[in-house]
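Data first, discussion second: the structure below is written as structure tokens.
2 protein chains.
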Amino acid sequence: MEIRERIGWNVRRLRAEREVTQEDFATDSGIDRGYISGVERGVRNPSVLVLERIANALGVDVSVLFDEAKAKAFSARRQR
Amino acid sequence: MEIRERIGWNVRRLRAEREVTQEDFATDSGIDRGYISGVERGVRNPSVLVLERIANALGVDVSVLFDEAKAKAFSARRQR
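Top line first, the protein sequences correspond to chains A and B.
If you're matching positions, the first sequence starts at 22 in our numbering and goes up one per residue.
If you're matching positions, the second sequence starts at 22 in our numbering and goes up one per residue.
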């Protein structure tokens, strides 16, 4: 799984666990909703400081966004 | 420890373990030596794809660059 997809699936996974819409998440993080959507689809290349804002809004450490096993498990469930 | 410093200390730590100079590491990763130096000092804000190039050149997964405990331990040893 490509690194940007790995991050994207983890953001989707954590947002889904928290039952937060993309729109509310955009407000929480102060990041544009379209940009969030692009991160989730793995088409954006966020910087470390943007990742930190995303992680803070999700209440996790940045390292959690790089959890490959959880990203794969979540994407497998979603794509079934 | 600020997120960019955490990454910086981990890059220094892994580069030191491999006994690779900044110059050789720049060649390995294809990233400018001045930029590498800035990442190590925590003054750059690298994107995910740049972090991946750095991690690949160090032979680790990107998530290793976010290991806070190891960054802190290494910085404590260096600053003593």
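Ideal Cβ placement from N, Cα and C applies to all residues, glycine included.
Of the residues the options, the one placed nearest residue i, counting alpha carbons only
i       : options                            : result
A/Val60 : B/Val69, B/Trp30, B/Gly59          : B/Val69
A/Val32 : A/Tyr56, A/Ile75, A/Ala90, A/Ala94 : A/Ile75
A/Ile57 : A/Ile28, A/Glu38, A/Gly80          : A/Ile28
Beta-carbon separation (whole angstroms), residue i vs residue j, contact threshold 8 Å
i       : j       : result
A/Arg54 : A/Glu40 : Wrong, their Cβ atoms sit about 17 Å apart, outside the cutoff.
B/Trp30 : B/Ala78 : At roughly 17 Å, the Cβ-Cβ gap does not stay under 8 Å, so B/Trp30 and B/Ala78 are not in contact.
A/Glu23 : A/Gly63 : 6 Å
Range covered by the alpha helix (DSSP H) that runs through residue i
i       : result
B/Ser84 : Segment: none, B/Ser84 is in no alpha helix (DSSP H) and carries neither H nor E.
A/Asn31 : 24 to 38
B/Ile57 : 54 to 61
B/Arg99 : 89 to 100
B/Ser68 : Note, B/Ser68: premise wrong, no alpha helix (DSSP H); not H, not E.
A/Thr48 : 43 to 50
Beta-carbon spacing of residue i, residue j below 8 Å
i        : j       : result
A/Val83  : A/Glu73 : yes
A/Arg126 : A/Arg65 : What the structure shows of chain A is the stretch from 22 to 101, and residue 126 of chain A is not part of that stretch, so it cannot be assessed.
A/Arg34  : A/Phe46 : no
A/Phe95  : B/Phe87 : no
B/Val71  : B/Ile52 : yes
ask   = Which residues, in chain order, does the stretch 68 to 95 of chain A contribute to contact with chain D at a C-beta distance below 8 Å?
value = Given the protein chain composition of this structure (A and B), no chain D is represented.
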